[in-house]
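**Student:**
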Amino acid sequence: MSTLSYYSTIARLAPAGLARGMVRRVHGVARQALYKKRERLDERGLLAAFGVDSAEALADRALEVGAGGAWCDVARRASVLEALERMPGAVERALARARAAFRGEFDVFGTHVCFGEGQPVDWSLDVGSGYRYPVVPVERLKLAQPGVDPKYPWELGRLDCLVALGQGYWVEREEAARRAFARDFVARTLDFLQANPVGEGVHWTCAMEVALRGANLAQALWMFADAPEARRPEFLVPVLQALAEHSAWVETHLEDGGAVPNNHLVSNHVGLLVVGLLFPRLPDAPRQVALAAAGLRTQVEAQVHPDGSSFEGSVPYHRLSVELFTLAFVVARSQGVELGEVYTQRLRGMFAASRAWCSERGLAPQIGDNDSGRVFPFREREPREQGYLVPLGAALLGDASLAGGEYPDEAAWLLGQPGLALFEALPAAAPAVSTGFAAGGFHVLRGAGAVVTVSAGAQGQGGVGGHSHNDKLSFELHLDGRPVIVDPGTGTYTRDPSVRNAMRSTAAHNTPQVDGLEQARLEAHRLFALPEAARARVEVFQTGSGLDRLIARHDGYRLLSSPVGVERTFVLDKRERALGVSDSFVGVGLHEVVSRIHLPDREARLREPTAGELARALRVPQAPRTFEPLAVELGPEGSPVAVVLFERGVSPRLETSRYSPGYGLLEESRVVVFGARLSPPAWLRWVVVFG
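Heads up: the sequence shown runs through residues 1 to 691, numbered per UniProt numbering.
(1) Among Val127, Gly199 and Arg93, whose alpha-carbon lies nearest the alpha-carbon of Pro137?
(2) If we ignore side chains and look at the alpha-carbon of each, how far apart do Gly257 and Leu47 end up?
(3) Which residues in the same chain as Gly688 place their Cβ atom closer than 6 Å to its Cβ, once the five residues preceding and following it in sequence are excluded?
(4) Compute the Euclidean distance between the alpha carbons of Arg607 and Glu637, then round it to the nearest angstrom.
(5) For my contact list, Leu273 and Ala292 are in at a C-beta cut-off of 8 Å; report their separation, rounded to the angstrom.
(6) The beta strand (DSSP E) that contains Gly157, what's its start and end?
(7) By Cβ distance, which residues of its chain are closer than 8 Å to Leu212, with the 5 residues on each side in sequence left out?
(8) What did DSSP end up calling Tyr6 once you bin it into helix, strand or coil?
(9) Thr453 bridges to which residues according to DSSP?
(10) With distance defined between alpha-carbon atoms, name the residue in Arg183, Ala552 and Leu560 nearest to Gly587.
(11) To the nearest angstrom, report how far apart Pro629 and Leu396 are at their CA atoms.
(12) Can Gln366 be considered in contact with the ligand FMN, in the sense that its beta carbon sits closer than 7 Å to one or more heavy atoms?
(13) Just list the residues that DSSP pairs Arg179 with in beta bridges.
(14) Examine the Cβ distances between the region 166-176 and the region 104-116 and report whether three or more of them are shorter than 8 Å.
(15) So Gly344 is in the alpha helix (DSSP H); what residue range does that whole segment cover?
(16) Is the beta carbon of Arg558 closer than 8 Å to that of Arg670?
(17) Ordered along the chain, which non-local residues of its own chain (more than five positions away) have a Cβ less than 7 Å from that of Arg40?
(18) Where does Asp126 sit, in a helix, a strand or coil, going by DSSP?
(19) Secondary structure at Ser639, three-state DSSP: helix, strand or coil?
(20) Determine the burial state of Asp471: buried for a count of at least 16 other Cβ atoms within 10 Å of its Cβ, exposed for fewer.
(21) Please check the pair Leu190 and Phe235, which I expect to be a contact at CB under 8 Å, by giving their CB distance rounded to whole angstroms.
(22) Pull up the distance between the alpha-carbon of Val260 and that of Val300, whole angstroms please.
(23) Mind checking Gly516: buried by the 16 CB within 10 Å criterion, or exposed?
(24) Express the C-alpha separation of Leu282 and Ala242 in angstroms, rounding to a whole number.
(25) Could you tell me which of Tyr133, Ala533 and Val148 sits nearest to Leu141, measuring between CA atoms?
(26) Quick check: Arg495 and Gly128, are their CB atoms within less than 8 Å of each other?
(27) Could you give the residue range of the alpha helix (DSSP H) that holds Thr252?
(28) How would you call Gly118, buried or exposed, if buried means at least 16 neighbouring beta carbons within 10 angstroms?
(29) Would you call Ser498 buried or exposed, if buried means 16 or more other Cβ atoms sit within 10 Å of its Cβ?
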């Protein structure tokens, strides 16, 4: 696809958005030009903004204990501790996070690094490659380089570690240890600010990162508001100046220039809102809060479908969006800022969506990109985990339809004891049921211990497909909370474009591939674009106590010289504890069809199906009448969790593959490969029996 045809495709998908994006880019250039001419906030201007005559008086005005009212106000410490102490292990988890931050330990997408207690952090280091970004003006910085990934230093530079230190300061009982956390908070903050001057280095190349860093710094400062170390003028003056500079940078570098703005713009608004509300006397805070609140009201309607699913086309990015909109909601509500009924309803729907597709272990399917992103990581969570969001939503909104399960650490920190009391008063909701998210492109079949999540809808981001994959008609199968058939994940973004494209290819998903072609063309150097081509849609979605049936199709192969249409039928037979999958091919010519079943590990083997397994498979509606003499057993040898039986003639085999359960992680796994040369009309059928 040429550059011209690519942008023609984007214009066809979002013509108004492309025009608006061009206008916003022009405005952005003008904003940045004005930013370069502005005078930075000096100490005199800072003191005037807070209405004090000396730096020594600044702390009493800027950090009036009890005046903040937000979750991070140190005056709420007792309420948070009361909730945490009633939750097994919560205090210990918070201390573990704080002590790791104190030691300078970071887990950066699975890579462990320790800079040492009291030692400077190498903030510009890509710990995955060893490359160190130079601290030069961002206009001169080459961000994208082979083998290098800016997300690694960005992960350090979000300053989650400061909030972790704040957690330790709140839960630690020993006063000497609390003082040590406060001193380290001061040292880590000044270390970052001195090592990364405004507008220089990798940490100023992405407004999303600047915004989330500003939010974390602002929240952490309130957590230490009564610490003498944080109230000293030599610390407080540069930190408040830094918050003003972070917000000014974000405001003038809003990431709204694309045809379809995404989670980056939401992050920009969240950062502006949090900093401006926590420190309303900063010179530009009132304007920035108004801008952010209006932007969030607009973007929640643009980026969250009425059914509660994110428009990103990615289930993992749904988690990021939920956390973004939740943090904004919590801080805004505490400060009396109204985001509106639509905002509340869309946020409620997002919590409900996570509930719909999470397994009993709280794991979500890995459909679309997964960059392991978090906004309030009060507790370490694995990248696929979303179940903690549901009880958080129940307590936040007082919604009984979300109630039940374990009260999460995140809710204790954000809502304190009142949130726990509200949660405990709610009656537990009925179990989640099969649900369709037509706008988001996901459908969930549930029952008999199985959760089947199918991708069968338009590309995300309004058809641009920034975080979508060639996964139409693909699915994940979780059994009793365990991922058994999986999407292989994301692996990486810019560090290795070949891996990036391989992981989002048709062959990397549990869907038929015709003649070795892609459902939608992958452009080697457009790593965040996958414009609509397959036109996937659901034809039938029926649910019942005994059977769920989903029929979906796509037209990704309609442009072949001998066009082929692909239709897939899923039947979840809850009586037989089996999943039947039937692929129908309509068209002309002779075609090589290959289908794959990706596994999360190496636990699989070929063996003969038993008579009982064959009998169960035969009773599944639309199952084949005859089966291959070899089936594939999934799970540990001796205690398998499922067996896959194939229609005769497809010859299944096991091959080595790779699985990425989170960003930056690649593990060896297995993939089941099977198929045949077919002349449509033709079918491929197989059955998974489990339990």
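The beta-carbon is built from N, C-alpha and C at its ideal position, and this holds for glycine as well. Values in this document were obtained by computation on a predicted structure and should not be read as measured data.
**Tutor:** Concretely, from the data shown:
(1) Sequence index remark: in the sequence shown, residue 137 carries index 137 (1-based). The shortest C-alpha to C-alpha distance from Pro137 to any of Val127, Gly199 and Arg93 is the one to Gly199.
(2) In the sequence shown, counting from the first residue as 1, residue 257 sits at position 257. In the sequence shown, counting from the first residue as 1, residue 47 sits at position 47. In this structure, the alpha-carbon of Gly257 lies about 35 Å from that of Leu47.
(3) As a first step, residue 688 must be located in the sequence shown, where it is residue number 688. Residue identity check: residue 688 is Val in the sequence provided, not Gly. Closer than 6 Å at the Cβ level, and outside the excluded window around Val688, lie Leu579, Ala642 and Val644.
(4) As a working mapping, residue 607 is identified with position 607 in the sequence shown. As a working mapping, residue 637 is identified with position 637 in the sequence shown. If you draw a straight line from the Cα of Arg607 to the Cα of Glu637, it comes to about 11 Å.
(5) By 1-based counting over the sequence shown, the position of residue 273 is 273. By 1-based counting over the sequence shown, the position of residue 292 is 292. So it is a contact: roughly 4 Å between Cβ atoms.
(6) Taking the sequence shown and counting its residues from 1, one reaches residue 157 at position 157. Gly157 -> not in any beta strand (DSSP E); alpha helix (DSSP H) instead, spanning Lys151 to Gly157.
(7) Here residue 212 refers to the residue found at position 212 of the sequence shown. Counting only residues of its own chain and dropping the five nearest sequence neighbours on each side, Leu212 has a CB closer than 8 Å to the CB of Arg158, Ser267, Val270, Gly271 and Val375.
(8) Start at 1 with the first residue of the sequence shown, and residue 6 comes out as number 6. Annotation note: pLDDT 48 at Tyr6 (below 50); position unreliable, no value reported.
(9) Position 453 of the sequence shown holds residue 453. Partner(s): Val444 and Glu476.
(10) Position 587 of the sequence shown, counted from the first residue, corresponds to residue 587. Ranked by Cα distance from Gly587, the options Arg183, Ala552 and Leu560 are led by Leu560.
(11) As a position in the sequence shown, residue 629 is number 629, starting the count at 1. As a position in the sequence shown, residue 396 is number 396, starting the count at 1. Approximately 54 Å, taken between the alpha carbons.
(12) With respect to small molecules bound, the structure shown includes none, and the ligand FMN cannot be examined in it.
(13) Working through the sequence shown from its first residue, we reach residue 179 at position 179. Beta-bridge pairing links Arg179 to no other residue.
(14) No contact exists between the region 166-176 and the region 104-116.
(15) One-based indexing of the sequence shown puts residue 344 at position 344. Looking at the sequence provided, one finds Thr at residue 344 rather than Gly. From DSSP, the alpha helix (DSSP H) with Thr344 extends over Glu341 to Trp357.
(16) To locate residue 670, count along the sequence shown from 1; it is residue 670. To locate residue 558, count along the sequence shown from 1; it is residue 558. No, Cβ-Cβ distance for Arg670 and Arg558 is not below 8 Å.
(17) In the sequence shown, residue 40 corresponds to position 40, counting from 1. So the qualifying residues of the chain are Glu245.
(18) As a first step, residue 126 is located in the sequence shown; it is residue number 126 there, counting from the start. In the displayed model, Asp126 falls within coil according to three-state DSSP, outside both helix and strand.
(19) Taking the sequence shown and counting its residues from 1, the one referred to as residue 639 is at position 639. Residue state, collapsed to three classes: coil.
(20) Here residue 471 is taken as the residue at index 471 of the sequence shown, counted from 1. Classification of Asp471: buried, given that the 10 Å Cβ count is 16 or more.
(21) As a working mapping, residue 190 is identified with position 190 in the sequence shown. As a working mapping, residue 235 is identified with position 235 in the sequence shown. Leu190 to Phe235, Cβ: 7 Å. Contact.
(22) As a first step, residue 260 must be located in the sequence shown, where it is residue number 260. As a first step, residue 300 must be located in the sequence shown, where it is residue number 300. Our two residues, Val260 and Val300, have alpha carbons roughly 13 Å apart in a direct line.
(23) The sequence position of residue 516 within the sequence shown is 516, counting from 1. Counting every other CB atom within 10 Å of its CB across the protein chains shown gives Gly516 a total below 16, marking it as exposed.
(24) As a first step, residue 242 is located in the sequence shown; it is residue number 242 there, counting from the start. As a first step, residue 282 is located in the sequence shown; it is residue number 282 there, counting from the start. Near 11 Å, if we compare the C-alpha coordinates of Leu282 and Ala242.
(25) Residue mapping note: residue 141 aligns to position 141 of the sequence shown, counting from 1. If we check each option's Cα against that of Leu141, Tyr133 comes out closest.
(26) Counting from one through the sequence shown, the residue named residue 495 turns up at place 495. Counting from one through the sequence shown, the residue named residue 128 turns up at place 128. Yes, these two residues count as a Cβ contact at 8 Å.
(27) Counting from one through the sequence shown, the residue named residue 252 turns up at place 252. Pro233 to Thr252 is the extent of the alpha helix (DSSP H) around Thr252.
(28) Against the sequence shown, residue 118 aligns to sequence position 118. Of the residues assessed, Gly118 falls on the exposed side of the cut-off, its CB having fewer than 16 other CB atoms within 10 angstroms.
(29) Indexing the sequence shown from 1 puts residue 498 at position 498. Burial call: exposed.
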